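Just so we're aligned, residue 272 is where the sequence shown starts under my numbering, counting upward by one.
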Amino acid sequence: MIAELWGRPHAPLVVAHRGMSGHYLENTSASFEAAVKLPADVIETDARTTKDGVAVLIHDPDLSTVSDVSTPVQALTWDEIKRIKLHDSSTLMRVDEALSAFPDTYFNIDMKDEGALDSVFSAVQDTNAQERVCISSFSDSRLQALRARTQGRIATSLSPLEVLRLMILSSVRYLPGSTQSRKAQLRKLILSGQSRFNDRVLAAQVPVRTIFDLVPVITPSFVATAHSAGFDVHVWTINELDMIPSLIGDKHRVDAIITDYPLEVSQVIKR
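Okay, here's the thing in structure tokens:
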């Protein structure tokens, strides 16, 4: 279960950003296969919806990053997309295809459009992958809608607004009560009083800094507050290997490194 993977003491997890995208074309079958072979602990990827309602794994709103075609994903059917020649010999994949092709792999899927709400949920259900998928999004409303839609059957990350609340609370020095009562207080404040399914909100997935790289997000107090509230901290996108010792060491103790170079990051963590 993904809640167990992200909720226990462990060496920092290595999350393959769009597959092994530092060496392969991002979000393609080749990139995913390389990440699984490594093996990375989790594959991070992105979902958009085609014209005919199919959830396809692609980051950008069009196909120009992976092919010579600049047509928007939402303007094409899945049959049209799968016939497009990519920059390498690999292929794009539907969400259900990837979940079926890699049945023992954990996935973090970022919903990139409103249509992904239903199409991703259906793909996860159809492949019985609820316990190895976490859904994230840069849209607060999209994540709230997904939580209500799935009735807690699929785990999610914190939304951007919830991360902001966590940042604010990390500056508060003291909350009264026992460890368990502080955890309950923090989760209530961060999740805006929601109680239903909030045990399925698992992680804060954040950059090291935000707002034109001026405001630090990953600080000792931020990570400590997240852990006190029962959330893991996943930091993205870390491709500078010299940053890793500080992030995973005693000062910060982040729980996962999201990277385009999972092999190289794994080697640093082992050292």
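Cβ coordinates follow ideal geometry from the N, Cα and C atoms, glycine included. Here the structure is a predicted model, which means the values were calculated and not measured.
Taking C-alpha positions only, residue 529 is separated from residue 371 by approximately 23 Å. Note on geometry: alpha-carbon atoms of residue 308 and residue 500 lie some 34 Å from one another. DSSP places residue 469 in the helix class (H, G or I) of the three-state scheme. Between residue 419 and residue 366 a beta carbon distance of about 20 Å is seen, past the 8 Å cut, so the two are scored as non-contacting. About 6 Å separates the beta carbon of residue 342 from that of residue 334, a gap short enough to meet the 8 Å contact definition. For the stretch 357-424, the continuous alpha helix (DSSP H) assignments of 4+ residues that do not extend past its boundaries occur at 366-372, 387-397 and 411-421, in sequence order.
Residue environment analysis places residue 533 among the buried positions, since at least 16 neighbouring C-beta atoms fall within 10 angstroms of its C-beta. Looking at the backbone, the Cα of residue 397 and that of residue 421 are separated by about 13 Å.
Bridge pairing for residue 474: 428 and 503 [DSSP]. Bounds of the beta strand (DSSP E) holding residue 317 are 313-320.
If you check the CB distance, residue 316 and residue 362 do not come in under 8 Å. Taking a 10 Å sphere around the C-beta of residue 482, we find fewer than 16 other C-beta atoms and assign the residue as exposed. For residue 534, the uninterrupted alpha helix (DSSP H) run begins and ends at 533-541, by DSSP. For the pair residue 305 and residue 294, the CB atoms are nearer than the 8 Å cut-off. Counting along the chain, the unbroken alpha helix (DSSP H) around residue 273 starts and ends at 273-276. Proximity to residue 375 across 314, 427 and 413 peaks at 314, based on C-alpha coordinates. According to the DSSP secondary-structure assignment, residue 487 is paired through a beta bridge with 480. Linking residue 527 to residue 297 through their CA atoms gives a straight-line distance of about 20 Å. Take residue 347, set aside five residues on each side of it, and the residues of its chain with a beta-carbon closer than 7 Å to its own are 321 and 322, in chain order.
The three-state reading of DSSP puts residue 335 in coil, since its state is none of H, G, I, E or B. Looking at the backbone, the Cα of residue 450 and that of residue 301 are separated by about 45 Å.
At the C-beta level, residue 381 and residue 408 come within 8 Å of one another. For residue 439, the number of other beta carbons within 10 angstroms of its own is below 16, and it is reported as exposed.
Sequence-distant partners of residue 474 (beyond 5 residues in either direction) whose C-beta falls short of 8 Å from its own C-beta, in its chain, are 277, 405, 428, 429, 502, 503, 504, 505, 526 and 527.
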